[in-house]
Each structure stands twice: as C-alpha cells, then as structure tokens.
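Structure record follows, encoded as structure tokens.
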C-alpha cells in the first residue's frame with residue numbers, strides 16, 4: 001500500500017491513525033451527482049458502502065471522507081485524466097481538509113457491478129449476507145466502488161480476505177433518513193407501482209416545480225429526508241408558511257422562477273474544456289455564454305420578488321441572488337456580447353445569434369465575416385423571390401441544420417401543372433412539397449462557410465470570456481442551489497394551499513388528526529375517509545386487523561408517507577400533525593415471487609425482515625403488512641409472533657397489519673401494544689345475503705367480524721354455489737375445532753382424575769407400609785413434588801393447544 005500522509009486528527013469513526021482505510025469513489029455523470037462510496041478498513045476487516053445524492057460542491061461526500069479518514073481514495077482513471085478531469089477529482093486533490101489523503105487512479109475494468117455483487121456474496125459474513133443484499137439493491141455506484149476497493153486491496157496491498165469474514169454494512173448519508181429500495185418501491189415514493197408513467201406517486205404529487213434544479217432537488221429530498229430539525233426543517237416550514245400567507249410574494253416568485261433553464265447542467269459544461277476544437281464546440285460555447293447571460297438577467301427579478309421575505313431560509317436564498325454577486329458577471333458579458341442577442345429556439349435564429357453574438361468592433365476580421373454572412377443570406381431570399389416570379393410559384397424559405405436553406409410549396413398548387421424542373425431533392429409531406437435548387441444549395445454552402453468563419457473568430461473571444469467567468473462559477477452554482485431550493489419550497493407551498501395541508505410540529509409523539517393518504521386523496525378526493533393516528537412510548541406497537549379491502553394497507557402506508565413528507569420540510573395532509581424525527585424507515589409489504597432471484601414470496605419476506613431486524617432501533621419507523629401469509633398458517637403465525645417480539649424489544653415504532661387474530665390476542669396485553677381494527681358493517685337482516693360496507697374508519701380493539709372472507713366473496717359476485725360450499729366447509733371446520741376443544745377439556749379432566757386416583761391408591765398403600773418416620777417423610781415429599789409437576793404438565797400442554805390452535809383469519 002502506498003503510505004500516504006496521515007491526518008492530524010487523533011481519531012475517526014473507526015479510531016486512530018493505526019487504521020488502514022481504502023476508499024473507492026464512483027460518481028454518476030448526471031447534473032445532480034450520485035456518489036457511490038466503498039470504505040474498506042483493512043485493520044478491522046470492515047467495509048461500509050454508501051450511495052449519496054450530493055450537490056455540485058460534494059458536501060456530503062467530503063463530510064463522510066472526513067469522518068472515516070481513508071488513507072487512499074481510488075477514482076476511475078478515465079475520469080481523472082487531465083483532459084476530462086471531473087470536478088470531484090479536482091476537489092479531492094486541492095481541498096485542504098483532505099491534504100493527508102492520496103488520490104489514485106484505477107483502471108475502469110475493475111469498476112463492475114457484477115464483480116461487486118460477487119465479492120459481497122463471497123466475502124460478506126453469512127449472518128449479514130442477506131441483509132446487505134437487500135440494502136445494496138439498486139445502488140449501482142456503491143457496488144461498483146466496492147468491487148474496485150476490494151481489487152485494490154488484493155493487487156496493491158497484497159491482502160486476500162478470507163471468504164465470509166468481511167463485515168459489510170450499508171450506511172446512508174449523514175443527517176438523513178435511511179430508506180431502502182424495497183420501501184421506496186412499496187410506498188411509491190418516486191413512481192407508481194401499477195403504471196410507471198402515472199403521476200400517482202409522492203414525487204408526482206409534490207412535483208409542482210418549474211425548474212430542472214428544483215425537480216432534481218425534490219427527488220433527492222424524497223429519497224433522503226432530513227433529520228436536522230433546527231437547521232433544515234424548521235426553516236423550511238417557516239418559508240412554506242410565509243409564502244402561503246403572502247400570496248403576492250408567492251405569485252411573484254413562481255413567475256420569476258419560470259424563466260430559468262437547467263443552469264446546473266450549463267455551468268457543468270462550462271468547466272469541461274473540449275480536447276479538440278471544432279465548429280460544433282465553438283457553437284456550444286457561444287450558446288453557453290448566451291445562456292449564462294439569460295440566467296444572470298433572470299436573477300434580478302427573483303431577488304426583487306423576495307425583498308419582503310422575513311423567514312431565515314428565504315432571506316438566505318435572497319442573499320445568494322444579491323446584485324453585487326450578479327453584476328460582475330453581467331458586466332463581463334456586456335463587454336463582449338451584444339445586448340440584443342438572446343437565446344433563440346428556431347434553427348435559423350440560433351445560427352444568427354451565434355454569428356452576431358460578439359460585439360461589433362472587437363475583431364476586424366469577424367466584422368468582415370459577418371458582413372459576408374449577411375450578404376449571403378440576403379442573396380438567398382433574393383434568389384427565392386426571383387424563382388417565384390419566373391416560375392409563378394409561391395415558395396417559402398425554410399432552414400434546418402441538416403439541409404440548411406430549402407423551399408416549401410403547397411401541394412395543391414401543382415395538381416393541374418407539373419413541378420418546374422429547376423427544383424431538385426423533392427419530397428412530399430402531407431399537404432406540402434419540400435425541395436431545393438442547385439443555386440440555392442450553392443448559396444447555402446457559401447453562407448455556411450461565412451457563418452463558420454464568424455463562429456471560429458468569435459470562439460477566441462468567447463473562450464477568453466469563459467476564462468474570466470470561471471472565477472464566478474462557484475457563486476453561480478450557489479445561486480442555482482438556492483433557486484432549486486426556492487423552487488421546491490414554492491412547490492410545497494402550492495401543494496399545501498390547494499390540498500389543505502397543515503404545518504407539522506416536531507416532538508417525540510406521532511399525533512395526526514383527520515390524516516389522509518396523500519396519493520389516494522388525489523385519486524379520490526371526495527371519497528377518502530380521514531383517520532386519527534397516535535403513537536408514543538406506551539403505544540409504539542400497533543396491530544391493525546380488519547376485513548379484506550377494509551383499508552389496513554392504506555392506513556399504515558399513510559403514516560409512512562406523512563412521516564416522509566414531514567421530514568422533507570413539506571406540510572402534511574391532516575388537520576393537526578405532530579411527528580418525531582425518524583432516522584430509519586422500513587416498509588415490508590406483501591410482494592410476489594422473484595423468478596430472477598429464484599426466491600418465493602415467503603423467502604423474500606424473510607430476507608427483507610432479516611434486514612429490518614438487523615437495523616431497527618428506537619429511531620426507526622417500521623410498517624409491516626401481512627407478514628407470514630405466504631406459508632402455512634401455523635408456521636406463519638409462529639414467525640409473525642417471533643418477529644413481533646423482536647420489534648417490541650427494539651423500541652421502534654411499528655404498525656403491524658395482519659389477519660392473524662391470535663397475534664392480536666397473544667400480544668394484546670404486552671406493554672406498548674395497541675390493538676386497532678378497520679370497521680365494516682353488513683346491511684341486511686340475513687347473514688347469507690348481506691352487503692358489506694367498508695367504513696375505512698379505525699377503531700380500538702380487534703376485528704369482531706367472522707368469516708369476512710366468505711362475505712366479501714359473496715359481495716363481489718362469486719357464484720352462489722361456490723359461496724355455499726365455502727360456507728358449509730367453514731361451519732364444519734368451526735364445529736370440528738370446537739369439538740377438539742371440548743375433547744381436549746375432557747381429556748384434561750380424565751388425566752387429572754387418573755392422577756388423583758393414583759395418588760389415593762399410593763397413599764392407601766403407604767398407610768399399611770412398614771417404614772420409619774424419616775423415610776416416610778422423604779418419600780411423601782418426593783411424591784408431592786412429582787404430583788405437582790405432572791399436574792402442571794397436564795394444564796400447560798392443553799392451554800398451549802387452545803392458545804395457538806385455529807385457522808387463518
């Protein structure tokens with residue numbers, strides 16, 4: 001291993017300087033970077049994997065690196081070459097906080113997700129293997145980084161890790177709630193499960209953003225809700241509340257935000273210098289400068305829209321957009337770029353703006369080239385006028401980047417006469433004829449040459465301007481982040497206003513009055529039934545029973561979604577809301593088999609629950625739905641009881657929806673357990689032809705309805721003959737169960753009587769036995785102990801049969 005310089009810090013997360021830590025970093029190529037981290041501690045045989053949605057300044061990544069103090073940081077060699085060095089590579093090399101770290105390059109072939117998964121399968125301890133598989137699912141960059149880190153340890157450090165000995169943990173970014181991939185899918189945080197294109201997801205619900213930066217930040221915030229109350233959530237609540245109360249400010253902000261492009265992508269392209277110059281690269285550079293110009297000019301109206309802001313977050317965003325930061329950029333651009341040149345949309349307008357972007361008089365040859373371009377363009381239009389007069393046509397001049405100038409004529413004008421021979425490259429599209437002439441092609445080439453010359457001459461001046469603008473890129477990036485945050489806050493305000501959301505309080509209790517499921521309310525706003533929710537230390541494990549389709553899953557998902565919304569900084573759908581800070585959210589919903597993983601439904605359930613049980617603590621919210629239903633009734637109930645006991649001991653807040661009535665009865669008397677059920681009514685005088693009505697209302701206690709599965713089957717139209725057979729079978733099974741219970745009681749009574757008769761006979765024999773007092777006393781004591789023990793066995797064995805017998809609810 002390359003020794004590298006050590007940190008002056010006395011300790012890190014893993015301890016002192018004696019630890020050898022290798023860190024591999026893999027990053028996405030998107031505008032909002034996704035960072036995969038793999039930290040391998042060779043000294044303690046531990047590994048931590050993490051995938052972070054970071055900002056352009058990589059704050060979360062740098063924070064994690066400072067916390068773990070790696071000796072070496074590995075980067076993909078193609079991303080760290082001098083020509084295409086990434087922004088993260090530059091920061092790692094020049095950040096004084098990381099001066100003790102050696103940055104090295106590793107060949108791209110070692111960064112493989114497949115290899116990373118194989119290393120996890122081979123090296124992870126068997127107790128942690130299934131849990132880490134669940135945690136790493138969907139985290140491509142973290143898996144690739146792990147592959148590179150292990151390979152580096154093997155090649156450079158010459159260390160081989162024994163199979164199934166490496167302690168691997170998945171860790172989210174600091175100060176955010178951990179949400180695993182299964183929970184993201186189950187709660188439909190980003191996309192709808194049934195229809196991925198539908199907007200019926202939390203992201204689709206809250207995405208009222210108008211800028212790409214705000215949209216990306218919203219997505220990142222949904223996946224990583226904050227746990228920082230004073231520094232993040234309270235300022236966001238205050239900002240949303242202020243915008244909601246000041247309607248004029250809200251509309252001014254939304255109007256100002258509408259003009260912004262994807263500035264983060266633009267600024268990223270500015271700092272990447274192409275290796276070879278070309279016309280296309282020069283045109284892109286001019287477009288970038290014009291986009292920067294449009295951006296900085298749009299900042300002033302946004303600043304003015306926030307002049308009346310009082311909340312700390314809105315004031316901070318306003319300060320990021322103050323004119324003393326924007327004006328130097330505007331002055332630099334105005335010295336070089338024409339005031340009346342702006343970003344255009346049509347191909348011809350874009351070509352014109354590129355030709356005339358630089359001010360007149362800056363470069364003499366550029367002015368000559370532009371004059372040639374202008375004259376050539378005028379010649380094109382004059383040529384078309386001459387063609388129309390000569391051939392009595394009504395051709396229009398069109399332009400695109402592939403054909404340059406071409407002509408369009410009405411097809412109906414040539415139904416009774418042929419198309420003149422002068423026209424070539426003829427194509428027909430609907431009611432139009434598209435074509436060119438040789439003279440037009442020649443003129444187009446001449447105009448293109450003069451345009452290219454103007455662009456190449458402009459490029460020298462524009463590149464010089466870009467070099468000056470690079471000094472202001474950090475402040476422009478901060479403006480972008482502030483604009484994205486303001487866009488997200490205004491989207492929260494819009495959602496809260498039109499849907500009547502309320503500001504949540506932050507304390508140690510979950511308390512919701514008339515809470516609504518945000519996505520279901522959007523789909524059926526008039527039909528959704530609100531419910532109250534309360535959970536604290538005395539009611540931290542809540543068992544929800546009820547009929548099929550009564551709303552159990554909707555109720556418990558509602559709690560999880562409102563928790564996510566509250567920790568995003570959004571208002572929530574309720575009349576009153578108080579929420580604690582949850583650091584880990586786990587949702588285990590009913591699922592299907594996984595053919596790809598060769599796992600049944602029950603296997604997937606157990607793997608997900610293993611992951612949850614290894615990570616739950618007192619800051620965890622766990623939502624469990626229909627656990628154990630994918631196997632036999634007795635095994636499923638036993639597993640559900642065992643897992644419930646473990647969740648109870650963890651101290652986490654749990655909502656447990658189940659059809660196992662025995663679970664509610666067995667755990668109902670335990671401290672911290674609360675039994676609830678979703679109400680149902682049957683509107684009929686006869687049990688056999690009744691209509692079930694789901695009230696979707698939560699009440700105390702367990703569900704009292706019996707045979708609700710059969711009643712529901714009848715209500716939704718299952719043929720009557722099948723329902724009758726099912727009813728008959730259910731009656732027979734209940735009668736048989738009651739008979740077993742009675743038989744069990746009779747057997748208990750019979751065994752008790754036989755035990756007592758045996759005792760009486762033994763005592764009668766002892767009455768005539770020739771034994772001294774001491775021997776008789778010792779024998780009677782043993783006889784008493786044996787009688788008590790055998791009587792307890794009879795009572796306990798039969799009571800356990802009664803407690804745990806029964807069928808699925």
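In full-length UniProt numbering, the protein residues as written are 1 to 809.
Glycine residues also receive a C-beta, built at the ideal position from the N, C-alpha and C atoms.
Predicted model only: the values in this text are computed from it and were never measured.
Item: Cα separation between residue 617 and residue 303?; Value: 44 Å
Item: Can you list, in chain order, the residues of its chain whose CB lies under 8 Å from that of residue 455, leaving out five sequence neighbours each side?; Value: 279, 282, 283, 286, 354 and 355
Item: Keeping to the same chain, check which residues put their C-beta closer than 8 Å to that of residue 393; ignore five residues upstream and five downstream.; Value: 387, 409, 413 and 420
Item: What does the alpha-carbon distance come out to for the pair residue 346 and residue 405?; Value: 13 Å
Item: Would a C-beta distance cut-off of 7 Å place residue 52 and residue 60 closer than the cut-off?; Value: yes
Item: Go through its chain and collect everything with a Cβ distance to residue 151's Cβ below 8 Å, but skip five positions before and after it.; Value: 106, 110 and 115
Item: Could you pull out every residue in the same chain whose Cβ sits closer than 7 Å to the Cβ of residue 641, ignoring the five residues on either side in sequence?; Value: 663 and 666
Item: Output the residue ranges of the alpha helix (DSSP H) runs that lie fully inside the region 202–270 and measure 4 residues or longer, sorted by chain position.; Value: 202–206, 212–223, 234–245, 247–257 and 263–270
Item: Determine the contact status of residue 38 and residue 145, defining contact as a CB-CB distance below 7 Å.; Value: yes
Item: For a quick check, are the C-beta atoms of residue 516 and residue 504 less than 7 Å apart?; Value: no
Item: Count the other CB atoms, across all protein chains shown, that sit within 10 Å of the CB of residue 293; report buried if there are 16 or more and exposed otherwise.; Value: buried
Item: Consult DSSP for residue 392 and reduce its assignment to one of helix, strand or coil.; Value: coil
Item: I need the straight-line Cα distance from residue 443 to residue 270, nearest angstrom please.; Value: 34 Å
Item: If you count every other CB in all the chains shown that lies within 10 Å of the CB of residue 527, and 16 or more means buried, which is it?; Value: exposed
Item: Using only alpha-carbon positions, find the residue among 223, 234, 194 and 256 that is nearest to residue 211.; Value: 256
Item: Along the chain, where does the beta strand (DSSP E) that runs through residue 532 open and close?; Value: 531–535
Item: What residue ranges within the region 153–211 form continuous alpha helix (DSSP H) runs of no fewer than 4 residues, ordered along the chain?; Value: 181–186 and 202–206
Item: Among 694, 253, 139 and 329, which one has its Cα closest to the Cα of residue 476?; Value: 329
Item: Cα-Cα, which of 634, 369, 126 and 100 is closest to residue 449?; Value: 369
Item: Between residue 170 and residue 137, what straight-line distance do the alpha-carbon atoms span, to the nearest angstrom?; Value: 10 Å
Item: Buried or exposed: where does residue 451 fall if 16 or more other Cβ atoms within 10 Å of its Cβ makes it buried?; Value: buried
Item: Out of curiosity, what's the CA-to-CA distance linking residue 584 and residue 655?; Value: 14 Å
Item: Determine the direct distance from the alpha carbon of residue 313 to that of residue 235, and round the result to whole angstroms.; Value: 5 Å
Item: Looking at the structure shown, is residue 356 part of a helix, part of a strand, or coil, going by DSSP?; Value: coil
Item: How is residue 625 classed by DSSP in three states: helix, strand or coil?; Value: strand
Item: What residues match up with residue 677 in a beta bridge as DSSP calls it?; Value: 545 and 699
Item: Since residue 694 sits in a beta bridge, which residues does DSSP pair it with?; Value: 680
Item: Let me make sure I understand the geometry here. Which of 533, 523 and 759 has the alpha-carbon closest to that of residue 198?; Value: 523
Item: Examine the ligand HEM and report whether any of its heavy atoms sits within less than 6 Å of the Cβ of residue 604.; Value: In terms of ligand content, the structure shown is empty, and the ligand HEM therefore cannot be addressed.
Item: In the structure shown, what three-state DSSP assignment does residue 400 receive?; Value: strand
Item: Once you ignore the five residues that flank residue 608 on each side, which residues in its own chain have a CB closer than 7 Å to its CB?; Value: 134, 182 and 588
Item: Apply the 10 Å Cβ neighbour rule to residue 120 and answer buried if 16 or more other Cβ atoms are within range, or exposed otherwise.; Value: buried
Item: For residue 139, count the other beta carbons within 10 Å of its own beta carbon; 16 or more makes it buried, fewer makes it exposed. Which is it?; Value: buried
Item: Would you kindly work out how many angstroms separate the C-alpha atoms of residue 643 and residue 752, rounded to a whole number?; Value: 36 Å
Item: Checking 7 Å against the spacing of the C-beta atoms, do residue 568 and residue 225 come in under that value?; Value: yes
Item: With a 10 Å radius around its C-beta and 16 neighbouring C-beta atoms as the bar for buried, classify residue 525 as buried or exposed.; Value: exposed
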